[in-house]
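Notes to accompany the following structure.
Residue numbers (the numbering used here), protein chains in the order written: chain A, 1171 to 1498; chain B, 1171 to 1498.
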């Protein structure tokens, strides 16, 4: 029988195993215009933490006891849609489960970019689009800018580093620990701040003696404060995530916020879904960078559906380098 | 002999009388292209607090022992410049003193708008331009928007309220105490939050049940957090000042900062001097609003040069309704 992860209890603070439960249900018959997909790769992403709270947000909360959702890649195993026959490799949002049944209109064929299937959950998927449009559109980063990106060893951050380098920017990434920092450096970052080895502010001031023009924020908190301190006149901050506070809900202390005024900073929040209608542009440009050898990927893979909660919780404890995935 | 206020010591926290001292100096002879001005009105403004610290900022720090500077209105009493004869009413930046000698190129004749001289230090001067361009350009506020402005009984805030009403917006102002709130209401504000009567967040949520589209920030801190909480999708924040932290230098605690992401907020800092080349546009539009009876002013006036420190310190203790001025 198909199995799916559900939320058993709403996490208080950091999620734990007992917040999750597997539900089994009889295989669903296929309706008109629907396809059945055997999922092969499942995505876990920090934004999912928000959906576990019962509060109004930009995505509705997960319902207790019902199958959760998220990015997934799989293969069509039964189809009522001529255009999407059995064997088609597809991307869709009914993850956290081994089998998905849904209308073909909500399913996307994997673009033909010569990349591994699971890349469409990471660098060539939602995290990659987040990096691409956040950096180039929201922050308006351009050649010559000095860019600081936090969580630079993550799925989004590592892609920001590489797009920025491909576009002629100077890049400083932050990551936790020597191993991740080495990897970020290997991606082309001009400097790396190991936030576990000292304060983010001190690290950034040393790495960026001439200041930063752009900050791509994945974490909030101390990193955001460090970026405020280091910001040059008219710097632009693209606020993508604040993983530091997803679980604790604490107030953020910002010592350097008044810098916004004198330096005329622009702080702009965004959600990748605002750019979904520009996916073709994204694939075209990323395809070029891939062909030019400018994009590397790394994945942290957990094996089997049962490992989903471990993979998800690992996002908040620095458990991944590159994209965190579950292979079903 | 001409007298001027100087900084005797750099204030630690809230400024006090012993931080200031009057210096007397022999009357300065007039050089080529210079004018001598008898100041009649002197301005005190919150931004001056920043110049009292010995730190790099958007304006250089005041030097200890030297005459301080600031907005002033006066009359030319001696002139080496045919175009600016004795008797000309002028605006310039050598305030904090009774007599100023400076090149005519750094002096502006008062525009002919039929307003009191001292209005050019307030609603028709730097504070007014701050309100005008901050609201309309930086925040991009337009008819139909709901605007929240903090320190709404101050020189900048009270002008924001009136421009917003003249342009067809809904306006909520915050001020401290019933008297100031009544005045803000009399300016046309649709609702007023008395932050001394309860938390800014609770007051704003009650006053703006449908949220806010624009926040004009003069104070930072709790007001900024309240605005984050109440912000609608794609709301724009113009960050003009953070008077709450000018003196204490403490970190700001923001509980609702993550709202920036889901609501796609834009937070933009600015300095009025960036808009100085658009003064003609400002005077023209303000002149129209004045003629239409849409602009009221109130002033809190201290008498005599000796009162400058009192006037200045009063800015941080809610001592003014409308523009704080010293009449020499």
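Note that CB positions come from ideal geometry on N, CA and C, so glycine has one too.
{"Query": "Under 9 Å by beta carbon: chain B residues contacting residue 1427 of chain A", "Result": "1390, 1394, 1409, 1412, 1415, 1421, 1422, 1424"}
{"Query": "Residue range of the unbroken alpha helix (DSSP H) whose run includes residue 1454 of chain A", "Result": "1449-1461"}
{"Query": "Per-residue DSSP class, three states only, for residue 1197 of chain B", "Result": "coil"}
{"Query": "At least three beta-carbon pairs within less than 8 Å, the segment 1378-1394 of chain B to the segment 1308-1322 of chain B", "Result": "yes"}
{"Query": "Contact with chain B by residue 1436 of chain A, beta-carbon distance below 9 Å", "Result": "yes"}
{"Query": "Length of the line joining the Cα atoms of residue 1257 of chain A and residue 1246 of chain A", "Result": "5 Å"}
{"Query": "CB contact flag (residue 1213 of chain B, residue 1241 of chain B, <9 Å)", "Result": "yes"}
{"Query": "Contact with chain A by residue 1330 of chain B, beta-carbon distance below 9 Å", "Result": "no"}
{"Query": "Cβ-based neighbour list, residue 1173 of chain A, same chain, cut-off 7 Å, excluding 5 preceding and 5 following", "Result": "1192, 1194, 1267, 1268, 1475"}
{"Query": "Run of the alpha helix (DSSP H) containing residue 1356 of chain B, from where it starts to where it stops", "Result": "1348-1356"}
{"Query": "Cut-off 6 Å between Cβ atoms - residues of its own chain near residue 1377 of chain A, not counting five sequence neighbours on either side", "Result": "1342, 1361, 1363"}
{"Query": "Between the CA atoms of residue 1248 of chain A and residue 1312 of chain A - distance to the nearest angstrom", "Result": "46 Å"}
{"Query": "Proximity to residue 1448 of chain A [Cα-Cα], best of A:1493, A:1335, A:1433, A:1304", "Result": "A:1304"}
{"Query": "Residue-level contact to chain A via CB, residue 1444 of chain B, 9 Å cutoff", "Result": "yes"}
{"Query": "Buried/exposed call for residue 1199 of chain B, threshold 16 Cβ in 10 Å", "Result": "exposed"}
{"Query": "Contact with chain C by residue 1336 of chain B, beta-carbon distance below 9 Å", "Result": "The structure shown contains no chain C; the protein chains it does contain are A and B."}
{"Query": "Own chain, CB closer than 7 Å to residue 1334 of chain A, minus 5 neighbours either side, in chain order", "Result": "1305, 1311, 1317, 1341"}
{"Query": "Inter-residue CB distance, residue 1399 of chain B and residue 1429 of chain B (contact presumed, cutoff 8 Å)", "Result": "7 Å"}
{"Query": "Segments of 3+ residues assigned as beta strand (DSSP E) that fall wholly inside the segment 1369-1450 of chain A", "Result": "1382-1387, 1401-1409, 1422-1424, 1436-1439"}
{"Query": "9 Å Cβ cutoff, residue 1433 of chain A in contact with chain B", "Result": "yes"}
{"Query": "Host beta strand (DSSP E) of residue 1328 of chain A (start-end)", "Result": "Unbroken run through residue 1328 of chain A is the alpha helix (DSSP H), 1325-1336; no beta strand (DSSP E)."}
{"Query": "is_contact[residue 1430 of chain A, chain B] using C-beta, thresh 9 Å", "Result": "yes"}
{"Query": "CA-to-CA distance, residue 1231 of chain A to residue 1259 of chain A, given in whole angstroms", "Result": "28 Å"}
{"Query": "Anticipated Cβ contact below 8 Å, residue 1163 of chain B with residue 1347 of chain B, distance rounded", "Result": "Only positions 1171 to 1498 of chain B appear in the structure, and residue 1163 of chain B is not among them; the question remains open."}
{"Query": "Beta carbon proximity, residue 1440 of chain B to chain A, threshold 9 Å", "Result": "yes"}
{"Query": "Straight-line gap, residue 1262 of chain A to residue 1324 of chain A (C-alpha atoms, nearest Å)", "Result": "22 Å"}
{"Query": "Proximity of residue 1477 of chain B and residue 1423 of chain A at Cβ, strictly below 9 Å", "Result": "no"}
{"Query": "Short Cβ contact (9 Å threshold) for residue 1345 of chain B with residue 1374 of chain B", "Result": "no"}
{"Query": "Separation of residue 1393 of chain B from residue 1368 of chain B, as counted between CA atoms", "Result": "12 Å"}
{"Query": "Beta carbon proximity, residue 1220 of chain B to chain A, threshold 9 Å", "Result": "yes"}
{"Query": "Per-residue burial, residue 1320 of chain B [other beta carbons within 10 Å of its own, 16 or more giving buried]", "Result": "buried"}
{"Query": "Exposure label - residue 1349 of chain A; buried when at least 16 CB within 10 Å", "Result": "exposed"}
{"Query": "Closest Cα partner of residue 1456 of chain B within the set B:1401, B:1300, B:1495", "Result": "B:1300"}
{"Query": "Segment limits, alpha helix (DSSP H) that includes residue 1487 of chain A", "Result": "Looking at the DSSP string, residue 1487 of chain A is not in any alpha helix (DSSP H), and its letter there is neither H nor E."}
{"Query": "Distance between beta carbons of residue 1289 of chain B and residue 1467 of chain B, contact taken as under 8 Å", "Result": "6 Å"}
{"Query": "Coil, strand or helix - residue 1268 of chain B by DSSP", "Result": "coil"}
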